[in-house]
Each structure stands twice: as structure tokens, then as C-alpha cells.
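**Student:** Got a structure for you, questions after.
2 protein chains.
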Amino acid sequence: MADLGEWGLIAALAARMPPGRYAELGIGDDSAVVSAPSGSVVAAVDLVLEGRHFLLAWSSGYDIGVKAAARSLADIAAMGAVPTALLVAFAAPGTLPAQWALDLADGLAAEAARAGAGVVGGDTARADTVLLSVTALGDLSGRPPVRRAGARPGDVVAVTGSLGHSAAGHALLTAGVSSFPELVAAHLRPAPPYEAGPEAATLGATAMIDVSDGLAADLGHVAEASGVRIDIDSSVLVPGDTLARAAAEVLSSSSGTERGASPPSLALRWALTGGEDHSLVAAFPPSAALPARWRAIGVVREAIAGGRVTVDGATYEGPGGWEHFSGGSSPSGG
Amino acid sequence: MADLGEWGLIAALAARMPPGRYAELGIGDDSAVVSAPSGSVVAAVDLVLEGRHFLLAWSSGYDIGVKAAARSLADIAAMGAVPTALLVAFAAPGTLPAQWALDLADGLAAEAARAGAGVVGGDTARADTVLLSVTALGDLSGRPPVRRAGARPGDVVAVTGSLGHSAAGHALLTAGVSSFPELVAAHLRPAPPYEAGPEAATLGATAMIDVSDGLAADLGHVAEASGVRIDIDSSVLVPGDTLARAAAEVLSSSSGTERGASPPSLALRWALTGGEDHSLVAAFPPSAALPARWRAIGVVREAIAGGRVTVDGATYEGPGGWEHFSGGSSPSGG
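Protein chains in written order, with the numbering used here: chain X, 1 to 334; chain D, 1001 to 1334.
So, in C-alpha cells, the structure goes:
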């Protein structure tokens, strides 16, 4: 990036990232100014670090831009809010090609636009590895936020977006299997259903979260915050997902770490424990009339001793063990 | 930090950082919700990286917390806005003592509180070095933002807060001179005069910026954005600053890189080119009645060829050369 110089790089990056329709003042001053029409602003920040959240060998600059934007924007949607703006802090080695950074800006801009938002500010620095910190802002349109707390016994738990596809894509990349490009894309460029967040709020969702750590773990956060148990119905999770099941068939007969696993159990494991799909999962009153994109996958029960999340009424003893399911504050978001 | 575990660390950090009076929802959900009473939100992000912005050998965790918070909060004040909240992304090696991270949280919380804000959200991760990305939010109280553009010929340029004290502190630390603890503290823990930002807006400031890159460089940004020249009067910059002059005397006779420099010219160089004081410098109409804390240091002139910032009417040929003064978009903030 040294060839462009710091000012030149910033100008080139900024030119590729439109500020969006909520921006009152975009990149180029000490701060940005973003419209907050309902009198409050929803805000979340997420780190995306080379080696920890992505590998340069697997992901293009564009991919990382999409992924970093999606990670933070999904946190806004999960409150029932409309994303309005991103601020992007970006550091990289001076040896990184300038084109990589420009591709990154394109990915950030594309995903922000898909969410209805723009890029209004940022910071750049040199570092030994590539790192991003993306702050997303949003507006609640006058509604209260949909929190993790609020799920009540009897509520229906429903999800919109893929479950386990990012994990399946990661497994395919690890095994070097180049088929199933949709699953690999789901890992490299997650596509959260942003507009479903405000929709869920309008439908009366009592609690909501985005699937970043894995369905069971994230529902564990909801169950803990709400003081309830959530029971997942495995019979509706996987059977209809022909793509994940086909990938599980291939990987279970490959030479990778999934070799010998039962394909149905592998697909179920991805759906229950795979993170980074950034799909939205919410609890709704049983009377809610859910549009087709919301798939009912479980119910909220009274809390019991021994577990906050159950699968088909029992403890799920998947890889990673119970500690993944036991809740505690999530590190992401607000 | 491994001894606390990720959840334990986050809970311990969160407990030390109050959300502040603008927080409608703080740490613990997917996003935070912050009051934006005037219907828009001011936002800025800054990176603070080990090795680039600080050294663990010089700075405590508390120092880094103060510095990282001040860097972003000053960008809010420089728009004439009132800081409301911080979101903090933090990554560190697992070997970093947990107490260091707790001290960091204390520093972030203390500086946020000094600005009238709180800490409402964040993210944590592992990394090989310590890195922070702090996003600051603010509210304009119904006023328009004070931008870099807007300075007009005839305006008075005034500053509040120290100039060059951070640079003097850095020089003292580099030279291993342990006297002048106030100057070392100014480098390690900058103390921006936040409340002077909204005050300047109320006084009719036509342009404002915080001194992060150095007075001349930052006034270069203002001059470029405003299409004017700014002339600094060196006779009011240094003579009254007995502390900086005394440090310059000591360092000019020390064995460091400042050895042999003329003390007055060294103090002037710090004041003109030293960054990271995060003082506020603004242009005001000549009729503005400035409170005592605003020191007039220059005037706005018509643009001329050959320079956007002059000192005593002429080009300042300090170390670093003219390119430092020639403007271009600043990387910091919005």
C-alpha cells in the first residue's frame, strides 16, 4: 500500500464507499454525522483479524470487506433496527497490495449497501497483519429494541437464513474439497437477512440474536438472559437442507477430520454449533403469523436445572461439549 | 488474560466501565442503544496499536485506556458535539496479565467519564500484540457540526489546551530524562478540553479541529478544507510556556537527538509540529468574545500560492519539511 501513500490510499478507499442516505456528513472531517431519526442510535463493534477470523490464502479483500461489514450489521438487525452507517478502522502491512485494500473497500461498500447503509468514517494505520474493526450504527424506527431477554415459555423459536452453511464451507475449505461453491461462499461472504430484523420486531418478537457463535450457543445466550429453556426440534433443522446433507456425505468419506462421521449427524452438528452464518433467530408469541422465510425450529420452555438449551428434549452431546451451550455474556455487539 | 476466560474477562471489564447517562442499553446484548436527543449522532473511530501508537514499556494499561479514549472523544468535541458513549474493540495476547486489561478498562472509563460519556459496547479477541479501536459517539444539541471547512479571511484562530507538551513528553521519555512529570503525563495521558468544543460552537466557531497530527498539519487541513491561508503568530505560542521552555533547555544540553538545538526553536517546533495533545483549535469571527482559556495564536488570510499555513507570514522550515503542512484529508475521524 506504500505506493499510494496514506492520504492517497484514504482518498481512493473513500471514493469507493458511498456514505449512504443516512449520512449528514461522511468521510473527511474529524467525525461523521449520521441521522438518528428516532432519537436514539443502535451501535455495535466487531473485530475481524487475520489469522483469527480469516486467512489471506482463502479470502479475497472483497470477501473480508463483506464479512467484516456483515458481522457488525447483523448485530444491528438483531435488535430489530435498520442499519444506517459503518465506521471502518483498518490496519495492514505496507506490503499489502493497494488493490487488495481497494477490493476490501468494494466489499464493505457492497454489503453496507445491501443492508441499506453506507460508510461514513474510518481510520487507517500500519500493522504487521491485516485487522479491521467495523462499527455499525442503526435506527429503531421508534420501536423498542428486541433484546436477548424477553423470551417467554410457550414462544415459538424461528430462524431466517442458513444454519451451518458457514461451518460446512469452512470444513470444505479445510478438506480442500472444491465442490459446493454456495457453502464456501456462505463461509467467505455471509449474507445476513438484514430486513428480517425490523420485520421480526414488527411481528412482535420477544427476543432475538444473530447466529454468530452457533445456534445452540447463541440460543443459550437468549435462554440465559430470558431465564428460560429453549428446546430445538432437530427434525426440522437438517432434513430439508439438501446442500448441507450432500456436503456432509462427501466430507464423511473424505480424508479430512470429518471422515467416518455419520452424514446426518455431521449436518446436524454444523446446524447446531456452526457459527458465522449471521442468520437471525428469534422468539415469537405463539399467535404470531410468521412469513414463510421464518422457519420454526423450537419452542421456549420453563427453565429447568441442567441445561438452558436442549435438542429434542434432551442434552445435545455434540463435539465441543456442554460448555458451549451454557450461556454467559457474548463478547460481540453492545 | 487466559486465567479469567473470555466470558469472565468481559464481565470483569464491563463491570469497570459504567455506561453513562446517555446509554439506553449498555454492554451485554447484540448492540448498544444510545440516546441521540438531537436526531443525529456524531461518530468517529480511531485505532491505537502497540508499537505504533504506544509502547508497553512506557505506558500502563490505565495510560493506554485514557489515551485511546481521548483520541476518539476529542474528535467528537472538535465537531462542537457533546460526547455520549464509547464502543471499545480490544485484542491482546493471552499472556497479557488480566490486571493490565482491568487497568485499561479503568483508564477508558475515567476518560469517558471526564468527557461526560460512558462505555456501552465492545468486542474482544486474541492477537499477537495489543490493539484497540475506540468508537466515540456524540450529540450536537441541535447545533450544526463545526467542520474543518468554514474558516473565513479575518477570522481569529485560537487554541485551548496544551501545544507540544505531548511531543516534549515523548522527547523526555526517549532521552530517559525523568524530570518534568507533567510533560511526560501529557504524552502518556492526553487531557483534551472536551467541554470547550460545544463552547466554541456556541461562540460561533467557523471551523475547528483537534490537534492530533500537530498544530501546523492540522491547521493545514482546516486551511485546505476552507480554501484559505492561516498565519500563526509564533510570538504568542511559546514564550509563556515556561514548562516546555525549561524542558527544551534540559534536552538541548542532553545526549539525545535534541542535543545542541536552540531551546526556543525546539519549544517552537514542539508547539508547531507535535501531535497527540488533542487540544482544540478553532477559527472565530473577529467579533467573538473569547473566554480566557482560548488563546489567539493566528489569523485567517486569503489563500495564496505556495502555502496554506505560514508562521509570522513566512513558510516555516521546520524538521519534517513542508509536506507536513500541505493538507490533504486527515486519516482520523469521520
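Note that CB positions come from ideal geometry on N, CA and C, so glycine has one too.
Note that the coordinates shown come from a computational prediction; the quantities given were computed from them, not determined experimentally.
1) What residues in its chain sit with their C-beta under 7 Å from that of V1082 of chain D, if we drop five residues either side in the sequence?
2) Just the Cα atoms here: how many angstroms apart are A158 of chain X and R1021 of chain D?
3) Verify the CB distance criterion: does E1024 of chain D have a CB-CB separation below 7 Å to chain X?
4) Within 7 Å (strictly less), CB to CB, does I1064 of chain D reach chain X?
5) Quick one: residues in its chain with C-beta nearer than 6 Å to the C-beta of R1071 of chain D, no 5 flanking neighbours on either side, listed in chain order?
6) Exposed or buried, which one is R1259 of chain D when buried takes at least 16 other CB atoms within 10 Å?
7) What does a CB cutoff of less than 6 Å around S59 of chain X pick up in its chain, not counting 5 residues either side in sequence?
8) Can you tell me whether G1240 of chain D is buried or exposed, with buried defined as 16 or more other CB within 10 angstroms of its CB?
9) Helix or strand or just coil, what does DSSP make of R1308 of chain D?
10) When we look at the beta-carbon of L131 of chain X and count the other beta-carbons within 10 Å, is it buried (16 or more) or exposed?
11) When you compare the CB positions of T242 of chain X and G150 of chain X, do they come within less than 7 Å of one another, or not?
12) Report yes or no: is there a C-beta of chain X within less than 7 Å of the C-beta of E1323 of chain D?
13) When you compare the CB of R52 of chain X with every CB in chain D, is at least one pair closer than 7 Å?
14) Please report whether the beta-carbon of S1226 of chain D lies at a distance below 7 Å from any beta-carbon of chain X.
15) Is the separation between the beta-carbon of Y194 of chain X and that of A77 of chain X shorter than 7 Å?
16) Does V238 of chain X come out as helix, strand or coil in the three-state DSSP assignment?
17) Anything in chain X within Cβ reach of M1017 of chain D, meaning under 9 Å, just list it in chain order.
18) Is the separation between the beta-carbon of A1113 of chain D and that of W1270 of chain D shorter than 7 Å?
19) By Cβ distance, which residues of its chain are closer than 6 Å to L13 of chain X, with the 5 residues on each side in sequence left out?
20) Please classify S1255 of chain D: is it buried, with 16 or more other beta-carbons within 10 angstroms of its beta-carbon, or exposed?
21) I'd like to know whether the C-beta of T174 of chain X is nearer than 7 Å to at least one C-beta of chain D.
22) Please list, in chain order, the residues of the region 31-59 of chain X that have any C-beta partner in chain D closer than 7 Å.
23) What first and last residue would you give for the alpha helix (DSSP H) that runs through T1160 of chain D?
24) Quick one: list the residues of chain X neighbouring P1093 of chain D, beta-carbon separation under 7 Å, in chain order.
25) Identify, in the order they occur along the chain, each residue of the same chain with its Cβ nearer than 7 Å to the Cβ of A1247 of chain D, setting aside the five sequence neighbours on each side.
26) So, under 8 Å CB-CB, A125 of chain X and L1049 of chain D are touching, yes? Tell me the CB distance rounded to an integer number of Å.
27) Report the residues of the region 123-137 of chain X with a CB closer than 7 Å to any CB of chain D, ordered along the chain.
28) Taking the DSSP output, what are the residues bridged to E249 of chain X?
29) Ordered along the chain, which non-local residues of its own chain (more than five positions away) have a Cβ less than 6 Å from that of V33 of chain X?
30) Under the three-state reduction of DSSP, which class applies to T95 of chain X: helix, strand or coil?
31) Which residue marks the beginning of the alpha helix (DSSP H) containing V66 of chain X, and which one marks its end?
32) Determine the closest residue to S1212 of chain D out of X:G307, X:D123, X:A109, with distance taken between C-alpha atoms.
33) Quick one: residues in its chain with C-beta nearer than 8 Å to the C-beta of A1314 of chain D, no 5 flanking neighbours on either side, listed in chain order?
34) Which of the residues in the region 206-221 of chain X, read from start to end, lie with their CB under 7 Å from any CB of chain D?
35) Report yes if the CB atom of L1108 of chain D is closer than 7 Å to the CB atom of V1119 of chain D, and no otherwise.
36) If the cut is a Cβ gap below 8 Å, which residues of chain D does I230 of chain X touch?
**Tutor:** The short version:
1) G1116, G1138, D1139, S1141, P1198, listed in sequence order.
2) Spanning the two alpha carbons is a distance of roughly 35 Å.
3) Cβ-Cβ to chain X under 7 Å: yes for E1024 of chain D.
4) So no, I1064 of chain D is outside the interface.
5) Same-chain partners within the cutoff: D1046.
6) Taking a 10 Å sphere around the C-beta of R1259 of chain D, we find fewer than 16 other C-beta atoms and assign the residue as exposed.
7) Here S59 of chain X has L188 as same chain residues with Cβ atoms under 6 Å from its own Cβ, once five neighbours each way along the sequence are excluded.
8) Under this definition G1240 of chain D is an exposed residue.
9) Coil, per DSSP.
10) So L131 of chain X counts as buried.
11) No.
12) Confidence at E1323 of chain D is low in this model, with a pLDDT of 36, below 50, so the placement of that residue should be treated as unreliable; the coordinate-derived value is given next. No, E1323 of chain D lies away from the interface with chain X (no Cβ there is under 7 Å from its Cβ).
13) At least one C-beta of chain D is nearer than 7 Å to the C-beta of R52 of chain X.
14) By this cut-off, S1226 of chain D is not an interface position.
15) With contacts defined as CB atoms closer than 7 Å, Y194 of chain X and A77 of chain X qualify as a contacting pair.
16) If DSSP states are grouped into helix, strand and coil, V238 of chain X belongs with coil.
17) Under the 9 Å cutoff, chain X gives no residues; its nearest Cβ is about 12 Å from M1017 of chain D.
18) Not in contact: A1113 of chain D and W1270 of chain D (Cβ atoms no closer than 7 Å).
19) Hits under 6 Å: A105.
20) Counting the other Cβ atoms within 10 Å of the Cβ of S1255 of chain D gives fewer than 16, which makes it exposed.
21) Judged by the 7 Å Cβ criterion, T174 of chain X is not in contact with chain D.
22) Look at the region 31-59 of chain X: the residues with a C-beta under 7 Å from a C-beta of chain D are S31, A32, V33, V34, S35, A36, P37, G39, S40, V41, V42, A43, A44, V45, D46, L47, L49, R52.
23) For T1160 of chain D, there is no enclosing alpha helix (DSSP H); the enclosing beta strand (DSSP E) has its first and last residue at 1156-1160.
24) By Cβ distance, chain X contributes nothing, its closest Cβ being about 12 Å from P1093 of chain D, past 7 Å.
25) Here the set comprises A1168, L1172, F1180, L1183.
26) About 6 Å; that satisfies the 8 Å criterion.
27) Shown in chain order are the members of the region 123-137 of chain X whose Cβ falls below 7 Å from a Cβ of chain D: D123, T124, A125, R126, A127, L131, S133, T135, L137.
28) Per DSSP, none; premise fails for E249 of chain X.
29) Hits under 6 Å: E24, L25.
30) T95 of chain X: coil per DSSP, three-state reduction.
31) 61-77 is the span of the alpha helix (DSSP H), which, as asked, contains V66 of chain X.
32) Ranking the options by Cα distance to S1212 of chain D, first place goes to X:D123.
33) Shown here for A1314 of chain D: not one same chain residue has a beta carbon closer than 8 Å to its own, the five before and five after excluded.
34) Within the region 206-221 of chain X, the residues whose Cβ lies closer than 7 Å to some Cβ of chain D are I209, D210, listed in chain order.
35) Result yes, Cβ atoms of L1108 of chain D and V1119 of chain D sit closer than 7 Å.
36) What I230 of chain X touches in chain D, judged by beta-carbon distance under 8 Å, is nothing: the nearest beta carbon there is about 17 Å away.
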